[in-house]
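Okay, so here's the structure we're looking at.
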Amino acid sequence: MNLLDVRKLQVHFPVTRGWRRHRDFVRAVNDVSFSLNPGETVGLVGESGCGKTTLGRAVIRLVDPTSGQVLFRGQDITALKSSALRAHRRKFQIIFQDPFSSLDPRMTVENSVGKAMDIHRLVPTSAARRQRVADLLQQVGLDPDHARRYPHEFSGGQRQRIGIARALAVEPELIVCDEPVSALDVSVQAQIINLLRDLQRDRAIAYLFVAHDLAVVRHISRRVLVMYLGQIVESGSAQEICGSPQHPYTQALISAVPVVDPASKRKRIILPGDPPSPIHPPTGCHFHTRCPMAVADCRDKAPSLREINPGHWVSCHLAKSASESGNGRLKAALGKSNLEHPSK
Ligand code: SF4
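Start counting the sequence shown at 1359; every next residue gets the next number (my numbering).
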């Protein structure tokens, strides 16, 4: 059984505008489905504002979905009332992006890490709690003697380690890592990623790893979901997504990843403009206003997510499996520079 099954999830936020209080909706997450196995890491990438953070929070009910299902070990947690949900909370945790604001500055490390243990009544005595916090700090690479210190006494990387210890305190089966390294220096990023990998190996925790940086996601994930304007536009193994991206948006993201070897230098694909508003997404393919390969059909017809190779799904009219003769269309479109762009 999958640990997590997300089915046709939608998260729409109401917004009111103007003196007539006209009601609209920000379509942050639209018809998203995916699954996650125990002990697996799935990366979720996309530009800022594409809905990936909202999706990550919706799968652990920090945000209430508008429709769809989130099955955790077969149980739909979107249907749970708050008291029943509380009993499930310890199975899924989150590590936040900002290690500076995610810790209460008035609480010692011991209390920050131990609070969830108290809520879920996991330790019988204060001595046991103290010992458990010390063990956790040691496991995340911090000095247990620093448990009585306050967050301002730590560096950014150390604070993120405290955030990880806090998430581990209740022995979760799933952790949503919401851009956990994007606020850190590059050298510290690698340390935190390696720590997360080591902890996963020892404890078989599943991660939904949310990031805008494909280079980071590729390093830690077995599978990758690429999100654009609230929808998954491509998904597959990290190897296939990074080695043979089929969606033009994924290709643009890959082209922005720095390469170490100058011999394998690739051309950067610069997408025109900003992502459109999720209140009024474009017709047809939502990406057509920025897609360098768009054809006339793209403006009117929304592509569906299709499996072009085993486990590799793409939402693009031009993407075909290797066995389909039309595969040449994608390559042809890549080579053409005089296609009339439908947004013109
Ligand atoms: Fe580009 Fe058209 Fe494919 Fe959308 S369907 S990604 S606009 S080529």
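For glycine and all other residues, C-beta sits at the position ideal for the given N, C-alpha and C. Note that the structure is a prediction, hence the values are computed from the model and not measured.
Distance, Cα to Cα, residue i vs residue j?
i	j	result
G1397	E1531	8 angstroms
G1686	A1654	Only weak support exists for where G1686 lies, its pLDDT of 47 falling under 50; the value from the coordinates is given anyway. Roughly 18 angstroms separates the two Cα atoms.
I1520	D1503	13 angstroms
A1564	L1572	19 angstroms
A1614	H1570	11 angstroms
R1626	P1538	26 angstroms
G1515	Q1455	11 angstroms
R1665	S1593	Reading off the sequence shown, one finds Glu at residue 1665, where the question assumed Arg. C-alpha separation (whole angstroms): 9 angstroms.
P1603	A1596	10 angstroms
D1630	V1390	Note on identity: in this sequence residue 1630 is Pro, with Asp being the wrong assignment. So the two alpha carbons sit approximately 26 angstroms from each other.
P1372	V1428	21 angstroms
V1491	C1600	39 angstroms
P1423	N1395	22 angstroms
L1688	L1676	Here the model assigns L1688 a pLDDT of 46, short of 50, so the residue's position is not dependable, and the following value carries that caveat. Each residue's alpha carbon lies about 5 angstroms from the other.
F1383	D1543	36 angstroms
I1557	R1431	Correcting the residue identity first, residue 1557 is Leu in this sequence and not Ile. The straight-line gap from Cα to Cα measures roughly 21 angstroms.
S1673	S1459	37 angstroms
T1483	S1441	25 angstroms
P1650	D1501	51 angstroms
H1644	V1403	17 angstroms
I1612	I1522	29 angstroms
N1696	R1517	Here N1696 scores only 31 on pLDDT, less than 50, and its place in the model is too uncertain to base an answer on.
H1370	E1405	18 angstroms
H1524	L1480	Looking at the sequence provided, one finds Arg at residue 1524 rather than His. Answer to the nearest angstrom: the Cα atoms are 13 angstroms apart.
D1476	R1385	37 angstroms
D1493	A1485	12 angstroms
S1635	R1576	28 angstroms
A1474	R1487	11 angstroms
A1548	R1580	17 angstroms
G1618	R1624	Looking at the sequence shown, residue 1618 is not Gly but Val. If I take the Cα positions, the gap works out to 11 angstroms.
V1574	A1660	30 angstroms
D1703	S1540	Only positions 1359 to 1702 of the chain appear in the structure, and residue 1703 is not among them; the question remains open.
P1616	E1598	18 angstroms
A1652	H1646	6 angstroms
A1562	L1526	12 angstroms
Q1496	G1472	14 angstroms
P1606	S1425	29 angstroms
G1669	K1366	18 angstroms
A1505	I1637	46 angstroms
Looking only at its chain, what residues have a beta carbon closer than 6 angstroms to the beta carbon of residue i, apart from the 5 residues adjacent to it on each side?
i	result
S1393	N1360 and D1363
S1513	none
G1684	Because G1684 carries a pLDDT of 46, less than 50, the predicted location of this residue cannot be relied on, and no value is offered for it.
W1671	S1593, L1663 and E1665
T1608	V1584 and E1592
R1375	none
What residues in its chain sit with their C-beta under 7 angstroms from that of residue i, if we drop five residues either side in the sequence?
i	result
N1388	Q1368, G1588 and Q1589
D1462	S1470
R1648	L1629, P1630 and G1631
T1641	R1657 and D1658
I1435	R1419, V1428, L1443 and H1446
G1499	R1519 and L1553
R1507	T1466 and V1467
T1411	D1536 and V1568
Which residues does DSSP pair with residue i in a beta bridge?
i	result
S1393	D1363
R1648	In DSSP, R1648 forms no bridge with anything.
N1667	H1670
P1372	F1383
Within a Cβ cutoff of 8 angstroms, which residues of the same chain sit near residue i, ignoring the five residues on either side of it in sequence?
i	result
R1415	V1421, I1452, V1534 and D1536
G1478	A quick correction: the sequence has His, not Gly, at residue 1478. Hits under 8 angstroms: R1447, R1448 and V1528.
H1510	P1463
I1578	T1399, G1401, I1551, L1554, R1555, Y1565 and F1567
C1408	M1585, Y1586, L1587, G1588 and P1633
N1667	G1594, E1598, S1679 and A1680
Could you check if residue i belongs to the surroundings of the ligand NAP, using beta carbon to heavy atom distance under 7 angstroms?
i	result
G1409	In the structure shown, the ligand NAP is absent; the only ligands present are the ligand SF4.
So, does the CB of residue i fall closer than 8 angstroms to a CB anywhere in chain C?
i	result
V1615	Note that chain C does not occur in the displayed structure, where there is just one protein chain.
Exercise. Just list the alpha helix (DSSP H) runs in the region 1578–1605, keeping only unbroken ones of 4 residues or longer that don't cross its boundaries, in chain order.
Key: 1596–1601
Self-check item: Whole runs of the alpha helix (DSSP H) within the region 1469–1493, excluding any shorter than 4 residues
Solution: Secondary structure within the region 1469–1493: not one fully enclosed alpha helix (DSSP H) run of 4 or more consecutive residues is present.
Quiz item: So which residues touch the region around the ligand SF4, with touch meaning a C-beta under 5 angstroms from any heavy atom?
Solution: P1606, C1643, F1645, H1646, C1649, M1651, A1652, C1656, P1661, C1674, H1675 and L1676
Self-check item: Segments of 3+ residues assigned as beta strand (DSSP E) that fall wholly inside the region 1499–1583
Solution: 1532–1536 and 1564–1569
Practice problem: Go through the region 1385–1454 residue by residue and report every complete run of the beta strand (DSSP E) that reaches 3 residues or more, in order. | Solution: 1399–1403, 1425–1430 and 1450–1453
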